[in-house]
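Residue numbers (my numbering): 36 to 298.
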Amino acid sequence: MKKIICIILFLLSYNLFCETLVFTAQAMRGQAGDSSSETELIGDASIKTETVEINAQSILLSGENYNNISSKGSISGIDKKADLEFSCDNLEYDRKAEVLILYGNVNFTDKKNNVTAKAQIIEYDGKLEVATLQIQINLVKDKNTCTGSYAIYNKNEQLLELSGNATVTQEEDSFRAQYIKMDLNTKSITLDGNVKGSVKDVKSQEIPSDEKDKSDKSDKSDNKGEKMIPPPPENSSENQKETEKDNLNVTEKENLKGNENER
Numbered sequence: 036m037k038k039i040i041c042i043i044l045f046l047l048s049y050n051l052f053c054e055t056l057v058f059t060a061q062a063m064r065g066q067a068g069d070s071s072s073e074t075e076l077i078g079d080a081s082i083k084t085e086t087v088e089i090n091a092q093s094i095l096l097s098g099e100n101y102n103n104i105s106s107k108g109s110i111s112g113i114d115k116k117a118d119l120e121f122s123c124d125n126l127e128y129d130r131k132a133e134v135l136i137l138y139g140n141v142n143f144t145d146k147k148n149n150v151t152a153k154a155q156i157i158e159y160d161g162k163l164e165v166a167t168l169q170i171q172i173n174l175v176k177d178k179n180t181c182t183g184s185y186a187i188y189n190k191n192e193q194l195l196e197l198s199g200n201a202t203v204t205q206e207e208d209s210f211r212a213q214y215i216k217m218d219l220n221t222k223s224i225t226l227d228g229n230v231k232g233s234v235k236d237v238k239s240q241e242i243p244s245d246e247k248d249k250s251d252k253s254d255k256s257d258n259k260g261e262k263m264i265p266p267p268p269e270n271s272s273e274n275q276k277e278t279e280k281d282n283l284n285v286t287e288k289e290n291l292k293g294n295e296n297e298r
């Protein structure tokens, strides 16, 4: 019976807001033909529209023309219009307002701008192209990592506003403040309130060991043709005095011999 239900549900579609809604599941509760009542899809549930795809363990459709979608358990999905991917524990989606709310261990990827974000709650307004992030925020673009408790991410303008122990890390440089505003394209930062920062100096390039060896060898070859002058012997002045003294003694002896001969 479940297999029959799956086939029927896969073929059912509703023209809502000039949009087709297609869904599948292992089981269904409610009335599939009455779009004003609640319909629950249970077990490997999936919903596809022209703009959104949602997969979950269970999905609840409610409201006029199934405008409201709620889902629970191992949720993953894409927003084809905004080029977004997401996963979370719980989800609520207002199709008419184009507002998507993700709860619990949220992963959010803006593929167009190469931005990935994690938080406990993310609300995305498709009409404004703005995401509001709350609790344990971690947003990454290129070599920039941004964290905080509350953030507003403007997808179209690539602007990020952070508050609540806000930090921005750019490679080995880090900045901290109560409020941080950052242009994710130009990387310019505005900080306000208890500002702290750490910037690492660029180190001078070290000479590779093989180049050092070459330098040492060239120095040795340059000194090859030079004669080394030996250092003067120790106590040279004393030796010179002794030599002069010996010479005087020899002269005195010769003078004495000459005087004796004259006598």
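Ideal Cβ placement from N, Cα and C applies to all residues, glycine included.
Starting from the Cα of residue i, find the closest Cα among the options and give me that residue.
i       : options                               : result
Gly-228 : Leu-197, Asp-129 and Asp-208          : Leu-197
Gly-108 : Gly-98, Lys-116, Ser-93 and Asp-118   : Ser-93
Gln-205 : Thr-221, Asn-191, Gln-193 and Lys-190 : Thr-221
Val-234 : Leu-126, Lys-115, Phe-210 and Ile-157 : Phe-210
Ile-156 : Ile-136, Lys-162, Leu-163 and Val-175 : Ile-136
Glu-207 : Lys-115, Lys-162, Thr-144 and Asn-179 : Asn-179
Roughly how many angstroms separate the alpha carbons of residue i and residue j, rounded to a whole number?
i       : j       : result
Val-87  : Gln-61  : 21 Å
Asp-177 : Val-150 : 8 Å
Ile-113 : Phe-121 : 6 Å
Leu-96  : Glu-73  : 6 Å
Tyr-159 : Tyr-138 : 12 Å
Tyr-144 : Arg-64  : Reading off the sequence shown, one finds Thr at residue 144, where the question assumed Tyr. Straight-line Cα distance between these residues: approximately 33 Å.
Asp-218 : Asp-236 : 23 Å
Is the CB-CB distance between residue i and residue j below 8 Å?
i       : j       : result
Ile-104 : Ile-82  : yes
Ala-154 : Val-141 : yes
Asn-173 : Ala-152 : yes
Asp-118 : Lys-146 : yes
Tyr-188 : Ala-201 : no
Thr-59  : Thr-84  : no
Could you tell me if residue i is buried or exposed, where buried requires 16 or more neighbouring beta carbons within 10 angstroms of its beta carbon?
i       : result
Thr-225 : exposed
Lys-231 : exposed
Ile-170 : exposed
Ala-132 : exposed
Leu-195 : buried
Ser-223 : exposed
Establish whether the CB of residue i and some CB of chain B are separated by less than 8 Å.
i      : result
Ser-97 : Absent from the structure: chain B. Only one protein chain is present.
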